[in-house]
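Scroll down for the structure; my scribbles are underneath it.
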Amino acid sequence: MTTPKTYTRSSLIQPTLALCDAFASAAPVPVLLSHFTADPLPMVHEHGLPVLAPFLGRTFTGTDGVGRYFELIADLLSFEKMSFDGEEEWIVDTVSMAVSLRGRARFTWKETGEEWDETFCYRIGLAEDQGAGGGGLKVQEYRVWADTGAAYLARMHQLGEVQRELAARETKKSMERTRSGHGNLIGEGQRVYAGGSGTA
């Protein structure tokens, strides 16, 4: 009876990190696909309502499907300053062969030019690639949770308007707190304390 192969934390992190680095550097689609298994079939799913964006709520299966997902991302979005939490913060499950991690970037919806800062999460499942020319651990399942609301508003050219309305409301609240005196409670308390200590 064959003993199941066991994997260490570092052996699962390495292929995950390789894909993350490739994506963060805006590597071309063929390079991204080289980090995925051919057999078993790879899959990508970015969670969200399909009506919000063409790449949301659909399961892209197989090499062609995964390639289509990354092509959609490249066609619709650009990003900068992508980074990920340190590897020591990644959640690595050596039994299910999965890695969960968090990243950040500033995204732009190309058609409208609207931008937003986003924190997103990946759950990356790994498997031994049995495809021709394969071998070794590669990404077999790539799941994404991101700010679908911001993406939709940017797509509809409404994100800037919503952000301005929010900023205006926050400014109004701040002014109301100042007029009522509540906004300066800490500062006033410090001045009273300082004045009291000066006359002691």
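Quick note: numbering that gives the first Met the number 0 has the sequence shown finishing at residue 199, numbered continuously throughout. Built from N, CA and C at the ideal position, the CB exists for glycine as well.
| Asked | Found |
| --- | --- |
| Grouping DSSP H, G and I as helix and E and B as strand, with all else coil, what is GLY61? | helix |
| Taking the CB atoms as reference points, tell me whether PRO49 and HIS34 lie closer together than 8 Å. | no |
| On the three-pair Cβ rule with 8 Å, is the segment 35-46 touching the segment 117-131? | yes |
| Using CA coordinates, which residue listed in ALA131, GLU117, LYS137, PHE106 is at the minimum distance from ILE123? | LYS137 |
| Determine whether the beta carbon atoms of SER99 and TYR121 lie at a separation below 8 Å. | yes |
| In the DSSP output, which residue or residues are listed as bridge partners for ASP116? | ARG105 |
| With three or more C-beta pairs closer than 8 Å as the rule, is the segment 144-159 touching the segment 106-116? | yes |
| Contact defined as beta carbons within less than 8 Å: I believe SER82 pairs with ARG103. What is the distance between those atoms, to the nearest angstrom? | 6 Å |
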